[in-house]
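Student:
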Amino acid sequence: MIEVNFSLQTKLALRKDKQGQELLISSPKSISEIELSKLSLFHIPKGISECMIKGCDVFEDGRIVFADFSFNNKRLVVLNADYSLNKEIPFDERPIDVTIVESNTVAVTLFEMKDIHIVDVRSSKIIRTIALNKKCYGIYFTGGKLNVCLEQNVMKTIDLSGNTLKTISQMGPATYCSVTNDLVYYSVYGCDAVYCCDLNGNVQWKFSCSKSDFPNGIAHDASGNVFVTCRDANKVIVIASNGKESRILLSSGDGLQNR
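Per my numbering, the very first residue in the sequence shown carries number 1; after that it's consecutive.
1) Mapping DSSP to helix, strand and coil, what is Cys196?
2) With a floor of 3 residues, list each beta strand (DSSP E) that falls wholly inside the stretch 149-206, ordered by position along the chain.
3) Please give me, in chain order, every unbroken run of the beta strand (DSSP E) with length at least 3 that falls completely inside the stretch 74-104.
4) Please work out which residues of its chain come closer than 6 angstroms, Cβ to Cβ, to Val179, disregarding the five sequence neighbours upstream and downstream, and give them in chain order.
5) Go ahead and pull the three-state DSSP assignment for Pro252.
6) If you measure between the beta carbons of Tyr137 and Tyr185, is that distance less than 8 angstroms?
7) For my contact list, Lys134 and Glu151 are in at a C-beta cut-off of 8 angstroms; report their separation, rounded to the angstrom.
8) Helix, strand or coil, according to DSSP, for Ile118 in the structure here?
9) Within the same chain, show all residues whose beta-carbon is closer than 7 angstroms to that of Ala81, passing over the 5 residues directly before and after it, in chain order.
10) From Asn73, Lys54, Val77, Gly172, pick the residue whose C-alpha is nearest to that of Val65; which is it?
Take a look at the structure:
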């Protein structure tokens, strides 16, 4: 668990909640003011085999839910606010991402099944299934809508009944996205780039990462600064809202290691 701090003695928690994957209050104008400090270290309980965590989200009460993409585990893992195990929810296929919809409801993307499951974590029951007919990757809930990255360079915005509200063409294969009221951020690992576009898919800026970084997970803050995990470079970077500046926030020296 990481806390985001600023030199102005303002502390923020970077989280992904039902209002969006963003910082809880406004961030500084300059990314040079951003600092990180470790809040805690915890371990996710091992399943049948080692975990392969591909997505996570945080409930308002501090519980954390993880999508375990391991071939053998195929589960959600829910931890309490004190990081003790709350429960495991098994699936028939591997979940690749999870996003919180309500206080005890999550949406889960199932890669091979080409489906979204809406799940009640209290009962561990699937409330409904939304068929997408394409392999699905990252999912993001904001403004009462689900935004999901699909194969063939497409992102769809759908309502909770499964009706398609909008389809956006992406500049390349993107696994994860982060969405505001008027902007979409996504990373394209194939060309080591991060894109910011409007809700019609028009590119506002492109940020080029270092070669072979493999930009993957992505989040934004209230000022439009973008946080990206670079899988193969073992680092987390922050990109300024204009897409022109960046900083490394975490690296292999801080213990990041792609396994």
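We treat Cβ as the ideally placed atom computed from N, Cα and C, and that holds for glycine.
Tutor: By the coordinates alone:
1) Residue state, collapsed to three classes: strand.
2) Here the runs fully enclosed are 154-158, 164-169, 174-179, 183-188, 193-198.
3) Counting only runs that start and end inside the stretch 74-104, the beta strand (DSSP E) elements of at least 3 residues fall at 75-79, 85-90, 95-102.
4) The answer, listed in chain order, is Tyr140, Thr142, Asn147.
5) The question names Pro, yet the displayed sequence has Ser at residue 252. DSSP, read as helix, strand or coil, puts Ser252 in helix.
6) Not closer than 8 angstroms, so no.
7) Right, the Cβ-Cβ distance comes to about 5 angstroms (below 8 angstroms), so this counts as a contact.
8) Secondary structure at Ile118: strand, using DSSP grouped into helix, strand and coil.
9) Asp61, Gly62, Arg63.
10) Selected option, being the one with the closest Cα: Val77.
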